[in-house]
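Before any comments, here is the structure.
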Amino acid sequence: MLWTPMEEFHYDQIPDAGRVEEILKEHPEITHVSMVHSETTSGILNDIASVTKAVKAAGKTMIVDAMSSFAGVDIPVGELQLDFLISSANKCIQGVPGFSFIICRRKALDQCEGKARSLSLDLYDQWKTMQADGKWRFTSPTHVVLAFAKALEELDEEGGIEARSRRYQENNRYLISHMKAMGFIPYVSEEHQGPIITTFFYPENRNYTFDEMYRYIKERGYAIYPGKVTDADTFRIGNIGEIYLEDMEKLCRIFREFLQAKGAAA
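So the number in the working numbering is just where the residue sits in the sequence shown, counting from 1, plus 1180.
As structure tokens, this is what we get:
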């Protein structure tokens, strides 16, 4: 029977590696630990290095969900001894949605044989088919694969993960600096803020609605996300994709013009 010990962390906090170590000692029956790297709900970039160290010291299998961080943040998979890293063709690789992929240790993959709970999610069988026939078991997402290959070329042309990560970080820093100057406070502390997406508190005592602000911005070519955290009124702005500082400058200018039109400029 699947059972998971519950440990609560606030949305703006990262999991504590020391507590993870304690839980693994308290519950030796745990065999696998899964962790999200970049939290798109809040913008937090979790410390997978310290948690993985605790997990591997306990002899457990480590699974990292890097859907929204892979290729945008350096992840030393081998050095960290990750067993499985899961990501997608889109997000920071800047391809299009359509398939996910897994980077894993061969030994960990071999241990998956015969343990799949569904046909479509049988990772080992998919790998065997790739090895034998070089294709998917079912209809291949050819257009997505071609877009993925092109996206990898563009990543290389940009200078690799280091250069792309630097661009995302510059976008993020500029955005936070100028949004704060307009009175929008980041939800996540600078210490834990990742470069992928940024969450801001929706200002109190405002004389406008989120829908008004959203529509004003969208009519001028940009889109923002409503908040997803349950304990605060927030909204989110992505920093990734084919986005550069000039795009962030234009977006911040639109925010400023909206606030001025509402008589709410800081």
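By construction, the Cβ of each residue, glycine as well, lies at the ideal position given by its N, Cα and C atoms. These numbers come from a predicted model, not from an experiment.
field: DSSP three-state assignment for Tyr-1396, whether helix, strand or coil
entry: helix
Leu-1265, buried or exposed, once every other Cβ within 10 Å from all chains shown has been counted against 16: buried
message: Looking at the strands, I want to know which residues DSSP matches up with Val-1368.
response: Answer by DSSP bridge pairing: none, since Val-1368 is not bridged.
query: Out of Ser-1268, Glu-1259 and Thr-1184, which has the shortest C-alpha to C-alpha gap to Glu-1210?
result: Strictly speaking, residue 1210 in this sequence is Ile, with Glu absent from that position. Ranking Ser-1268, Glu-1259 and Thr-1184 by Cα distance to Ile-1210 puts Thr-1184 first.
query: Measuring CB to CB, does Arg-1416 end up less than 9 Å from Pro-1406?
result: yes
- prompt: Does the distance from the CB of Ala-1331 to the CB of Ile-1273 come in under 9 Å?
  reply: yes
message: Tell me the rounded alpha-carbon separation between Val-1324 and Gly-1340.
response: 21 Å
message: Which residues does DSSP list as the beta-bridge partners of Phe-1415?
response: Phe-1380 and Pro-1406
- request: From the DSSP output, in three-state form, read off Cys-1292 for me.
  value: coil
- prompt: Within the chosen definition, does the segment 1382-1391 reach the segment 1189-1198 through at least 3 CB pairs nearer than 8 Å?
  reply: no
- request: Determine the direct distance from the alpha carbon of Glu-1201 to that of Ala-1234, and round the result to whole angstroms.
  value: 5 Å
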